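Numbered according to our numbering, the sequence shown spans residues 401 to 987.
Data block below; observations after.
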Amino acid sequence: MSTEKLRSKTLAAIFHTVSEPKTKPVPAPLWLLVRVNALQSWRRLLSVRDQSRLLTGIIALFLAGYLVVSFGLFYHGLRFIAKFPGLGAVLTERLMYVLFAFLFALLLLSNLIIGYTNLFRNRETAFLLTLPVPTQTIFRWKFIESTVLASWAFVFLIAPLLAAFGLLRGVPWHFYPVTMVLIALFIVLPGVLGAVLAIWVGRFLDRRSFQIAMIGTAIVLLAVAAFWWKAQPVDDELLDKRTLEALDLLLAKTRFTMFPFLPSYWLSSSVLQWAEGVLRGAAFFTLVLLSYALFFGGIAFTWFGNVFYNTASAVQSRAGGGWNWFHARQNRRHSAGLLEKSAAKLSWLDRDTRALAVKDLRMFWRDTTQWGQSVMLFGLLGVYIINLRNFTHHLTSPFWVNLVAFLNLGVCSLNLASVTTRFVFPQFSLEGRRLWIIGMAPMGMARVVKTKFWLASISSLFVTSGLITLSCYLLKMSWDRVLFFAAVITVMTFALNGLAIGLGVLYPNLKEANLNKIVSGFGGTLCFVLSSFYILASVLLLVFGAAGLHSRASWAAEGITGFVLLSVCIGWLPLKLGLRQLKNFEA
Numbered sequence: 401m402s403t404e405k406l407r408s409k410t411l412a413a414i415f416h417t418v419s420e421p422k423t424k425p426v427p428a429p430l431w432l433l434v435r436v437n438a439l440q441s442w443r444r445l446l447s448v449r450d451q452s453r454l455l456t457g458i459i460a461l462f463l464a465g466y467l468v469v470s471f472g473l474f475y476h477g478l479r480f481i482a483k484f485p486g487l488g489a490v491l492t493e494r495l496m497y498v499l500f501a502f503l504f505a506l507l508l509l510s511n512l513i514i515g516y517t518n519l520f521r522n523r524e525t526a527f528l529l530t531l532p533v534p535t536q537t538i539f540r541w542k543f544i545e546s547t548v549l550a551s552w553a554f555v556f557l558i559a560p561l562l563a564a565f566g567l568l569r570g571v572p573w574h575f576y577p578v579t580m581v582l583i584a585l586f587i588v589l590p591g592v593l594g595a596v597l598a599i600w601v602g603r604f605l606d607r608r609s610f611q612i613a614m615i616g617t618a619i620v621l622l623a624v625a626a627f628w629w630k631a632q633p634v635d636d637e638l639l640d641k642r643t644l645e646a647l648d649l650l651l652a653k654t655r656f657t658m659f660p661f662l663p664s665y666w667l668s669s670s671v672l673q674w675a676e677g678v679l680r681g682a683a684f685f686t687l688v689l690l691s692y693a694l695f696f697g698g699i700a701f702t703w704f705g706n707v708f709y710n711t712a713s714a715v716q717s718r719a720g721g722g723w724n725w726f727h728a729r730q731n732r733r734h735s736a737g738l739l740e741k742s743a744a745k746l747s748w749l750d751r752d753t754r755a756l757a758v759k760d761l762r763m764f765w766r767d768t769t770q771w772g773q774s775v776m777l778f779g780l781l782g783v784y785i786i787n788l789r790n791f792t793h794h795l796t797s798p799f800w801v802n803l804v805a806f807l808n809l810g811v812c813s814l815n816l817a818s819v820t821t822r823f824v825f826p827q828f829s830l831e832g833r834r835l836w837i838i839g840m841a842p843m844g845m846a847r848v849v850k851t852k853f854w855l856a857s858i859s860s861l862f863v864t865s866g867l868i869t870l871s872c873y874l875l876k877m878s879w880d881r882v883l884f885f886a887a888v889i890t891v892m893t894f895a896l897n898g899l900a901i902g903l904g905v906l907y908p909n910l911k912e913a914n915l916n917k918i919v920s921g922f923g924g925t926l927c928f929v930l931s932s933f934y935i936l937a938s939v940l941l942l943v944f945g946a947a948g949l950h951s952r953a954s955w956a957a958e959g960i961t962g963f964v965l966l967s968v969c970i971g972w973l974p975l976k977l978g979l980r981q982l983k984n985f986e987a
């Protein structure tokens, strides 16, 4: 059943709910929305199996492999920490507090971005607002959908860790269902807070004072974070003693995660005390988490509907629907002229190619959710790389320097894979039903796809090459090694962008305008799976060939050659198949 038919069925049922006399029980509008969307998701999942059983098996194998491998890594890591006499339990507990604190912050950001998109930049929301459905019901459904979309990855990430922790501690069977309940309660709080921030941002986003305040606040927070996490020198004599004073000094910057009013503190304390058998203390923190989840969840379900409607009306009534500061008439003319003048300097490109590149850049800039998430992802990676000098100044062995360098390469490439899957893969699908206009243009669809590929590759290469070069410089590596890693990340950038663009053409979703739903489909999942396999295989080949673990030059040549061949296959083949698939669209 198509989406239009399901929506028509929902509309008819809602009309019957509102207009017919209540002589018989009828489903509530919220239940209808949940049921229809659950039915759509289930049928979409079944359709994945019909597309290709082989690719479906690959994705299932990847998911199962991730769970097994991550469980093994977490288990061996926690067991290694637990071997420290007298300090293992302290380190494990502090790691749990730090982990859940940072995951709470990431969940908050994810709920803010996805909630803003779902509430104010979503076609389904605009459609539902035209129906005789209470706005509180619409907000409830969008709140549930946003929380699920923002939190499923958190649950998928944390499950192997908690399973490994429970196995290592020898917890009873009831630890696992209780932990699932605790996580379900925990994700409600960042969901509510993210919805509040999304409504607040949407309501005042067009005000210049608000924009200036947001930029100033971000700068201040970055400065405070840089000052707070500035590493303090530790005396080598103190480290040799292995005393609690040295441990306390090393972990001094993580004490904020044990603030008693943080929801992450309640979750961590509940999990740790339940694992230790202190059921009374664990029950206390569980009830605290439950009370706050019920209180704030009840407020969101009963009071936020009218506020959401007022904000949605304000957002839809704006001229341009975006950042009014950047969309004022004079600034718009100035920015458009500057962008076009910059593109005009590339005289060796055709005019239609320059026009398409300008259009894509402008659309990317106008969509706050896209460039905001990109800045957040690369910003977090940049903060990590800049802080390399704080914990690598003791590294003197070439083995550890190379190990950290290849780990940085893996982190940077995984971050790039997330960006390409999240933003590059849906570029073809975002053209939507306007694709026929592009098909009638003289430049043709093939040149459109190639332009998108080169634009995405060059834009991402500018960031990734800078980050990897900075990390190598902070590790005090020789310039030949810096050039080596810069060349490697260049090849990986073009390969990952080719994979994302090619699969985006092979598995398009032209009926959906929501980035989250496009990426969550079969093609987006396959793109991330293949990207992860490619990164893992590439890093292993490069470690085997260029990490200095052996003296045979033939092995190094074989490893680098294997990496190049793998990159060509993973980047060129999907792009070639995608360009061939375009003939079906043009026909």
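Quick reminder that beta carbons are idealized off the backbone N, C-alpha and C, glycines included.
Note that this is a predicted model, so its numbers are computed, not measured.
Taking only the alpha-carbon atoms, compute the straight-line gap between residue i and residue j and give it to the nearest angstrom.
i: proline 532; j: arginine 754; result: 46 Å
i: phenylalanine 604; j: isoleucine 612; result: 12 Å
i: glutamate 676; j: leucine 585; result: 21 Å
i: threonine 851; j: leucine 761; result: 12 Å
i: threonine 657; j: tyrosine 665; result: 7 Å
i: proline 974; j: leucine 926; result: 12 Å
i: tyrosine 709; j: phenylalanine 862; result: 41 Å
i: alanine 728; j: tryptophan 765; result: Bear in mind that the predicted position of alanine 728 carries a pLDDT of just 46, short of 50, making it unreliable; the figure below should be weighed with that in mind. Straight-line Cα distance between these residues: approximately 15 Å.
i: valine 968; j: proline 590; result: 42 Å
i: serine 865; j: asparagine 815; result: 13 Å
i: glycine 923; j: isoleucine 935; result: 18 Å
i: valine 888; j: leucine 982; result: 30 Å
i: tyrosine 576; j: glycine 566; result: 8 Å
i: valine 548; j: isoleucine 599; result: 18 Å
i: leucine 432; j: alanine 526; result: 17 Å
i: phenylalanine 474; j: glutamine 716; result: 47 Å
i: leucine 694; j: glycine 971; result: 48 Å
i: glutamine 536; j: glycine 570; result: 45 Å
i: leucine 506; j: aspartate 750; result: 42 Å
i: arginine 847; j: leucine 979; result: 9 Å
i: phenylalanine 504; j: isoleucine 513; result: 14 Å
i: leucine 672; j: arginine 680; result: 12 Å
i: threonine 961; j: glycine 945; result: 9 Å
i: arginine 435; j: alanine 682; result: 35 Å
i: arginine 453; j: lysine 976; result: 22 Å
i: tryptophan 573; j: glycine 959; result: 46 Å
i: valine 578; j: glutamine 440; result: 31 Å
i: asparagine 808; j: leucine 940; result: 13 Å
i: tyrosine 907; j: leucine 690; result: 42 Å
i: proline 560; j: phenylalanine 500; result: 14 Å
i: leucine 508; j: serine 920; result: 20 Å
Under 8 Å by Cβ, that's how I've got residue i and residue j pegged, so tell me the actual separation to the nearest angstrom.
i: asparagine 897; j: serine 857; result: 4 Å
i: arginine 540; j: leucine 430; result: 5 Å
i: alanine 700; j: leucine 519; result: That pair is no contact at about 12 Å.
i: glycine 698; j: proline 534; result: Wrong, their Cβ atoms sit about 17 Å apart, outside the cutoff.
i: valine 804; j: leucine 870; result: No, valine 804 and leucine 870 are not in contact; Cβ-Cβ is about 13 Å, not under 8 Å.
i: alanine 460; j: asparagine 511; result: Going by Cβ atoms, the distance from alanine 460 to asparagine 511 rounds to 28 Å, so no, they are not a contact pair.
i: aspartate 752; j: methionine 843; result: 5 Å
Under 8 Å between the Cβ atoms of residue i and residue j?
i: proline 663; j: tyrosine 692; result: yes
i: alanine 895; j: isoleucine 868; result: no
i: valine 819; j: phenylalanine 462; result: no
i: leucine 582; j: threonine 492; result: no
i: phenylalanine 823; j: valine 849; result: no
i: phenylalanine 853; j: isoleucine 918; result: no
i: alanine 817; j: serine 932; result: yes
i: valine 490; j: threonine 654; result: no
i: leucine 528; j: isoleucine 544; result: no
i: valine 964; j: valine 882; result: no
i: arginine 494; j: leucine 568; result: no
i: phenylalanine 806; j: valine 688; result: no
i: threonine 893; j: serine 860; result: yes
i: methionine 496; j: serine 670; result: no
i: phenylalanine 696; j: valine 592; result: yes
i: alanine 564; j: phenylalanine 484; result: no
i: serine 551; j: isoleucine 587; result: yes
i: proline 798; j: leucine 915; result: no
Continuous alpha helix (DSSP H) assignments of at least 4 residues falling wholly in the region 894-948
915-919, 922-946, all fully within the region 894-948.
Can you give, in chain order, each stretch of the beta strand (DSSP E) that sits fully within the region 460-511 and has at least 3 residues?
none
List in chain order: all unbroken alpha helix (DSSP H) runs of 4+ residues lying wholly within the region 814-865.
835-840
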